[in-house]
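Numbering (the working numbering), first residue to last: 9 to 142. Every residue gets a Cβ at the ideal spot worked out from N, C-alpha and C, and that includes glycine. Step one of this worksheet: look at the structure below.
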C-alpha cells in the first residue's frame, strides 16, 4: 500500500526496497540515523593547510576527531602549521630544525620530503635575518 502511494507521487523504485526500508519500523526498531560520509583526502589536506583561525567549526571538529584516531595525521598537522608560521613571518631560521623533525617523524612521505629539500637547497642565514636562498 505504501509503495502504491509513493509510486503515485513519482517513486520509481522497486517494492522490495520500500519493504526493506520500513521493516525495522514494523519491528519497533529505531530508524538508523544517516552516517556522515568520511572526508576525502583533499578535504583533510585543505583543513590542515588552512590556518586554524580561518577554519569552519565543522572542519575544526572533524579534524579533532581525525586526530584522535590518527596520531600521524596530528603530527603532520603540527609540522604543516610550523612551516606555515615560517612562511607567514618570512623567517627561515627554524627551517633546519623543522627539516630534522620531518626526517625523524617516522612518516615516510615527510622524511622523503626533508631529504629532497635538503638535497636541493642550501641554507644561508644572512646577518641573522633568516633569509633562505638557493
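Contacts around residue i, its chain only, beta-carbon distance under 7 Å, and the 5 residues preceding and following it disregarded
| i | result |
| --- | --- |
| residue 115 | 80, 83, 84 |
| residue 91 | 106 |
| residue 143 | It is not possible to answer for residue 143, since the shown part of the chain is limited to 9 through 142. |
| residue 16 | none |
| residue 126 | 107 |
Neighbourhood of residue i by C-beta distance below 8 Å, restricted to the same chain and skipping five residues each side
| i | result |
| --- | --- |
| residue 10 | 26, 30 |
| residue 112 | 119 |
| residue 63 | 55, 71 |
| residue 135 | Because residue 135 carries a pLDDT of 40, less than 50, the predicted location of this residue cannot be relied on, and no value is offered for it. |
| residue 18 | none |
Boundaries (first-last residue) of the alpha helix (DSSP H) holding residue i
| i | result |
| --- | --- |
| residue 53 | 49–57 |
| residue 70 | 65–77 |
| residue 19 | Counting along the chain, residue 19 falls outside any alpha helix (DSSP H), and DSSP gives it neither H nor E. |
| residue 28 | 23–34 |
| residue 100 | No alpha helix (DSSP H) holds residue 100; DSSP gives it neither H nor E. |
| residue 128 | 116–128 |
Integer Cβ distance of residue i from residue j, believed to fall under 8 Å
| i | j | result |
| --- | --- | --- |
| residue 87 | residue 109 | 6 Å |
| residue 39 | residue 32 | 7 Å |
Proximal residues to residue i (C-beta, below 6 Å), its chain only, five neighbours per side dropped
| i | result |
| --- | --- |
| residue 14 | none |
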